[in-house]
Amino acid sequence: MRKIPAQISDRLPAAAELFAERGLNDTKIEDVAATTGIAKATLYYYFAGKEEMLAFLLEDALQHVAYEVTAIVEADGAAAQRLHAVISAQLRVMAQRPAVCRALIGELGRAARMPVIADMISTAYFEPVETLLRAGAADGSLVALDEPRAAAIALFGAVTTSALTYLITDDALNEDLIARTIHDVVFIGLRPR
Numbered sequence: 001m002r003k004i005p006a007q008i009s010d011r012l013p014a015a016a017e018l019f020a021e022r023g024l025n026d027t028k029i030e031d032v033a034a035t036t037g038i039a040k041a042t043l044y045y046y047f048a049g050k051e052e053m054l055a056f057l058l059e060d061a062l063q064h065v066a067y068e069v070t071a072i073v074e075a076d077g078a079a080a081q082r083l084h085a086v087i088s089a090q091l092r093v094m095a096q097r098p099a100v101c102r103a104l105i106g107e108l109g110r111a112a113r114m115p116v117i118a119d120m121i122s123t124a125y126f127e128p129v130e131t132l133l134r135a136g137a138a139d140g141s142l143v144a145l146d147e148p149r150a151a152a153i154a155l156f157g158a159v160t161t162s163a164l165t166y167l168i169t170d171d172a173l174n175e176d177l178i179a180r181t182i183h184d185v186v187f188i189g190l191r192p193r
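In this text, residue positions in the sequence shown follow UniProt numbering: the first is 1, and each later residue adds one.
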């Protein structure tokens, strides 16, 4: 995929609404062009097809997650507090991109087969959260885990599923409530007793 200029990338999130409503297979490139105001030829110049557009939208969301999570991991403070901030950051990024998240639900099988997405999730979330889990064990704010990767995956799944449940039903996503609930259900179980 070519480098996407800002005037294209800024309008592409409108395509996520179409993908969410109709699915990737039932959305035509002509529909994407009409909705985004991007010429069909321009879309084909930058993207091989709709799957690449979806991948671009997912990558964009994951880049925002990575930016926020990296800043939190590199900040000072107890790892347990920073881990709670990671949960809030992931929820915030998802709440800012509801159509992309709804499109993800409809195309979960397809997205799971995109190696670049799996790699980005690992880099943006799993690896930094593993670092925080190890730091928490070292600073005493979290228990030491034999498999921090498994805990990072479970946490990502809990946050993602919780947010998506709200976003697919068009209910208001209350980031603070969900973060507190995940904290109470999952996080407290990680604290030393």
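Every residue, glycine too, gets a C-beta built ideally from N, C-alpha and C.
Going by DSSP, Asp-76 is part of no alpha helix (DSSP H) at all; its letter is neither H nor E. For Pro-115, the enclosing alpha helix (DSSP H) begins and ends at 115 to 121.
Just so you know, the alpha carbons of Lys-40 and Ile-178 end up roughly 40 Å apart. If you keep only unbroken alpha helix (DSSP H) runs of at least 4 residues inside the stretch 101 to 173, you get 108 to 112, 115 to 121, 127 to 139, 148 to 168. Minimum Cα-Cα distance from Asp-184 among the listed residues Val-159, Asp-171, Asp-31, Thr-36 corresponds to Val-159. Membership of Ile-29 in the alpha helix (DSSP H) is indicated by the continuous run 29 to 36. Under the three-state reduction of DSSP output, Lys-40 falls in the helix class.
DSSP places Ala-14 in the helix class (H, G or I) of the three-state scheme. By the criterion of a C-beta distance shorter than 6 Å, Glu-17 is surrounded in its chain by Ala-99, once the five residues flanking it on both sides are discounted. With fewer than 16 other beta carbons inside 10 angstroms of its own, Gln-96 counts as exposed.
About 14 Å separates the beta carbon of Val-129 from that of Val-93, a gap too long to meet the 8 Å contact definition. When the five nearest sequence neighbours on each side are left out, the beta carbons in the same chain lying within less than 6 Å of the beta carbon of Leu-57 are those of Ala-16, Val-100, in order along the chain. Boundaries of the alpha helix (DSSP H) around Arg-180: 175 to 182. In this structure, His-84 lies away from Phe-156, with their beta-carbon atoms at least 8 Å apart. Taking C-beta atoms under 8 Å as the contact rule, Phe-126 and Ala-152 qualify, at a distance of about 4 Å. In the structure shown, the three-state DSSP call for Ile-87 is helix.
Sorting Gly-23, Gly-37, Ser-141, Leu-145 by C-alpha distance to the C-alpha of Ser-9 places Gly-37 at the top. The stretch 116 to 124 and the stretch 56 to 75 touch, with no fewer than 3 CB-CB distances between them shorter than 8 Å.
Here the alpha carbon of Leu-91 sits roughly 30 Å from the alpha carbon of Ala-34.
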